[in-house]
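Participant: Counting from 1 along the sequence shown, just add 936 to a position and that's the residue number in the numbering used here.
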Amino acid sequence: MKIIFSSKCLEYGSPYHPENPERLRLAYEFLKDKYSFLEPEPARDEDLLLVHSKSYVERVRRGDIHDADTPAYENIYEYAKLSAGGAILAAKEKAFSLMRPPGHHAGKEGIALGAPTLGFCYFNNIAIAVKKLGKKTLILDIDTHHGNGTQEIFQGDSNVIYIPLHTYGIYPGTGLRSEGNCYNYPLKIGTGDEEYLNTLERALREVDLSEIEVVAVSAGFDTFSGDLGGLNLSEKCYRKIGELIASLNLPTFAVLEGGYTKRLGNCIHEFLQGLGD
937 MKIIFSSKCL
947 EYGSPYHPEN
957 PERLRLAYEF
967 LKDKYSFLEP
977 EPARDEDLLL
987 VHSKSYVERV
997 RRGDIHDADT
1007 PAYENIYEYA
1017 KLSAGGAILA
1027 AKEKAFSLMR
1037 PPGHHAGKEG
1047 IALGAPTLGF
1057 CYFNNIAIAV
1067 KKLGKKTLIL
1077 DIDTHHGNGT
1087 QEIFQGDSNV
1097 IYIPLHTYGI
1107 YPGTGLRSEG
1117 NCYNYPLKIG
1127 TGDEEYLNTL
1137 ERALREVDLS
1147 EIEVVAVSAG
1157 FDTFSGDLGG
1167 LNLSEKCYRK
1177 IGELIASLNL
1187 PTFAVLEGGY
1197 TKRLGNCIHE
1207 FLQGLGD
């Protein structure tokens, strides 16, 4: 699987913020000799408007964001558009987007489903890519945090099934029950490989995927042992996650969400090896 990456996404941020450029620089350095890379173009404004309101897009353009988790960095609008463009290219090429900022907490108007903050996200990259692709899609969200923005955007959308596996009792405090086409699988803090994989197998078995044409993965790696999310997955678990997704035998792309340890690149590599070509 090819990787989408631009060094421009390393140009902003604070070293004191968990979602900092160093996390991606280290991941890129680990992966650069193992995969082929493609350079993304920024998403167009009309792409952003597929999922976000015009007023919210304008707020991000102006830097009118007052959120301690999600600062209004200089030129964040351009960086966020480039990250969304990475997701669009990943959907087209069936590739992995190694870009920042992440996106799955961003809803139609920004903060979604009553969450306290935007959770490091500006535009919902995977939602933009799925809407632009226009196919019947399974969005599988493996980030430790519930993708409240993704659920808000696709709730009731007959073209999308949303399945997040996420940690119960942490930010954003949503996703405790399934609603319509959104099938939530909350997990207890401390969940390890065996229980996680059993839950994923059950989710893929229980939900009717017979009409699905494409799988889109919100690929968060903050489920890794010692990361922010309170789960306890090993690096090898990500290979098995990839293998389970590959067993669906459907075109698949993935977009980076969380993952804040120095082993992010290792986790991504295991996941991509599981997915295969």
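Cβ atoms here follow ideal geometry from the backbone N, Cα and C, with glycine treated the same way.
Which residue's Cα is closest to the Cα of arginine 980: Asn1061, Ala1182 and Leu1034?
Facilitator: Minimum Cα distance to arginine 980 is reached at Asn1061.
Participant: On the three-state DSSP scale, how would you describe histidine 1205?
Facilitator: Reduced to three states, the DSSP call for histidine 1205 is helix.
Participant: Got a sec? Which residues, its chain only, sit under 8 Å from aspartate 1163 by beta carbon, not counting five neighbours each side?
Facilitator: Correct list, in chain order: Thr1080, Phe1157, Gly1194, Gly1195, Tyr1196 and Thr1197.
Participant: Which one of Ala1004, Gly1109 and Leu1054 has the shortest CA to CA distance from tyrosine 992?
Facilitator: If we check each option's Cα against that of tyrosine 992, Leu1054 comes out closest.
Participant: Using a Cβ-Cβ cut-off of 7 Å (strictly less than) and excluding sequence neighbours within five positions of aspartate 1172, which residues of its own chain qualify?
Facilitator: Note that residue 1172 is lysine in the sequence shown here, rather than aspartate. Answer for lysine 1172: Glu1206, listed in chain order.
Participant: Rounded to whole angstroms, what's the CA-CA distance from glutamine 1091 to glutamate 1115? Just pull it up for me.
Facilitator: Glutamine 1091 and glutamate 1115: Cα-Cα distance of roughly 8 Å.
Participant: Return the Cβ separation of isoleucine 1125 and glycine 1105 in integer angstroms, given the expectation that the two are a contact with Cβ distance under 8 Å.
Facilitator: Isoleucine 1125 to glycine 1105, Cβ: 6 Å. Contact.
Participant: So which of Ile1089, Ile1177 and Tyr1058 has the shortest CA-CA distance to threonine 995?
Facilitator: Checking the sequence, you will find arginine at residue 995 rather than threonine. It is Tyr1058 whose Cα lies nearest to the Cα of arginine 995.
Participant: Which whole-angstrom value describes the C-beta separation of phenylalanine 1189 and alanine 1152, a residue pair presumed to lie in contact below a C-beta threshold of 8 Å?
Facilitator: Correct: roughly 6 Å between the Cβ atoms.
Participant: Could you check if histidine 1002 is buried or exposed, using at least 16 other CB atoms within 10 Å of its CB as the buried criterion?
Facilitator: It is exposed - the Cβ of histidine 1002 has fewer than 16 other Cβ atoms within 10 Å.
Participant: Following the continuous alpha helix (DSSP H) through alanine 1182, name the residue where it begins and the one where it ends.
Facilitator: That run of the alpha helix (DSSP H) goes 1171-1182.
Participant: Do cysteine 1118 and arginine 1036 count as a contact pair if the criterion is CB distance below 8 Å?
Facilitator: No.
Participant: Would you mind sorting lysine 970 into buried or exposed? The rule is 16 or more other CB atoms within 10 Å of its CB.
Facilitator: Exposed, because fewer than 16 other Cβ atoms sit within 10 Å of the Cβ of lysine 970.
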